[in-house]
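In the UniProt record's numbering, the protein residues as written are 1 to 351. No residue lacks a Cβ here, since even glycine has one placed at the ideal position from N, Cα and C. Let me begin by presenting the structure, written as structure tokens, before commenting on it.
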Amino acid sequence: MKSTQQKLILIAFLLAVLTASLGFMYLRSLEAPQAETEKVGVLVAAETIPPRTLIEGSMIKEIEVEHNSLFANYMNQREDIVGQYSKETIVENEGFYREKLVDESHSELSLRIPENHRALSIGVTGGSGVAHLIKAGDFVDVVVYIGEREEDEETINPEMAKMFLQRLEVLAIDKQMNREEGSNGSEVPGGFLLTLAVPVDQVEIMVLAENVGSIDVALRPLEDEDMPDTEGAQWEQLSINHKGVFLGEDEKAETDQGPEEADSEEEKGEEEEEDQENSGDEDNTGDSGQEEDSPEEEYSYYRVKRGDTLFSIAREVYGDHRKYQLIEEANDIENRSLIVTGRVLKIPAAD
């Protein structure tokens with residue numbers, strides 16, 4: 001009996017010691033200082049950023065997080081993020097990965113189109129496209145040539161050329177969107193595509209011009225912002241001599257002489273006229289009944305188009321078809337119903 005009691009006392013003592021030791025160790029653990037965790041600053045999205053959005057400074061914020069190797073791929077320089085475009089959605093509080101951003105200068109074409117413009121490609125050749133010397137970033141003017149259109153033997157639209165769009169930015173040549181990608185070879189391709197930034201209100205005109213006529217482009221100086229209002233050119237302007245008047249068949253020889261020879265002939269003619277006038281004055285001194293020579297009448301010129309009549313020409317130049325007789329007499333027309341297309345008529349000044 002006594003032995004059993006002693007064993008119980010010993011067991012109780014051991015349990016008490018064990019409990020005290022555990023309690024002491026627990027209390028010591030509470031008093032031990034905790035190791036500090038390293039914090040790092042990370043740039044994240046302050047809001048959800050949709051795809052193809054220009055990132056601004058207000059869309060970025062900095063937060064502190066525990067150091068983790070997962071954040072090593074985040075972009076942590078604000079200036080490297082601002083001005084980039086998002087390739088895909090970046091959710092709020094998500095870090096910025098370089099793979100999800102794209103620079104405007106090396107971006108998709110849609111990111112390079114100016115506001116209120118559309119990208120439109122036109123096909124050109126080496127001849128109509130400045131021998132393939134145009135590069136992305138250049139500016140061009142667009143000229144359309146439209147041939148003569150007739151309906152029921154009447155000219156509806158005359159043959160003409162018109163510079164109808166000016167200072168259009170070249171976005172790409174074929175699939176090259178950067179200047180350094182341009183071809184440096186001497187070989188000029190037979191045809192290539194120019195992608196231009198066209199104002200949205202001119203897109204339809206560009207498409208129409210390409211389909212009803214032929215298009216050429218003219219390369220502009222890079223810094224030239226002047227856009228003159230041109231009137232266009234018609235075929236009649238190819239028949240103007242150096243004096244600014246239309247040529248008839250009998251005047252071609254004068255143009256072939258060149259300006260200097262023509263001027264010399266003109267001066268010679270004037271001298272002969274003066275000699276004739278002087279001799280005439282001497283011969284006709286005291287003759288009051290003879291009239292003085294009238295000055296030479298000045299003419300403008302008109303080239304006959306298909307479907308023209310003397311009545312329609314008089315209506316066009318004088319505004320009155322009844323003045324057709326002035327044209328008839330000036331050109332010695334015997335049959336006013338027979339005037340040949342292409343003939344150049346002298347148009348006297350109306351009284």
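DSSP bridge partner residues for residue i (one or two, in chain order)
i    : result
L193 : G123
V157 : Sequence check: residue 157 is Asn here, not Val. DSSP lists R149 as partners of N157.
S86  : L101
A172 : T195
S3   : S3 pairs with nothing; no bridge assigned.
V344 : R303
K162 : V144
V65  : V40
Y74  : Y97
L27  : The partner list for L27 (beta bridge, DSSP) is empty, contrary to what the question assumes.
I60  : A45
Through-space distance from residue j to residue i, alpha-carbon basis
i           : j    : result
E231        : K162 : 7 Å
D138        : E94  : 39 Å
Q325        : H117 : 54 Å
I15         : G23  : In the sequence on display, residue 15 carries Leu and not Ile. Taking the straight line from one Cα to the other gives about 12 Å.
L208        : V144 : 10 Å
V40         : T53  : 28 Å
Y301        : D332 : 15 Å
residue 355 : I90  : The question about residue 355 has no answer, for the chain in this structure spans 1 to 351.
F164        : D141 : 8 Å
T195        : A218 : 14 Å
T4          : A20  : 25 Å
K100        : S86  : 6 Å
Y318        : A330 : 15 Å
G190        : L171 : 20 Å
V102        : Q84  : 6 Å
F311        : I327 : 10 Å
A349        : P221 : 44 Å
N76         : V17  : 57 Å
H132        : I173 : 9 Å
M177        : L111 : 12 Å
I9          : L27  : 27 Å
D224        : V344 : 40 Å
Where residue i sits in the DSSP three-state scheme
i    : result
R167 : strand
V44  : strand
V217 : strand
Q234 : strand
F96  : coil
D141 : strand
I11  : helix
R315 : helix
H132 : helix
L222 : coil
I327 : helix
R112 : coil
I333 : coil
R118 : strand
A20  : helix
Nearest candidate by alpha-carbon position, reference residue i, set the options
i    : options                  : result
V340 : I347, S21, T309 and I327 : T309
A72  : A350, A330 and L43       : L43
W235 : V304, V170 and D224      : V304
E115 : I327, L345, T4 and D201  : D201
I347 : R322, G307, I63 and E298 : E298
Y97  : L109, L111, V344 and V82 : V82
K135 : K175, L30 and I146       : K175
E210 : R343, L193, E334 and L30 : L193
V203 : L70, S121, G213 and I9   : S121
Residues near residue i in its chain [Cβ-Cβ closer than 8 Å; skip 5 each side]
i    : result
G244 : Low per-residue confidence applies at G244: pLDDT is 48, beneath 50, and the placement is therefore not dependable enough to give any value.
G342 : R303 and V304
Close beta carbons around residue i, own chain, < 6 Å, minus the five adjacent residues each side
i   : result
Y74 : V42 and G95
Close Cβ partners of residue i (< 7 Å) along its chain, the five nearest in sequence each way excluded
i    : result
E148 : T155, N157, P158 and E159
Q166 : D141 and M227
M59  : A45, A46, E47 and I49
V212 : I146
K323 : A314 and A350
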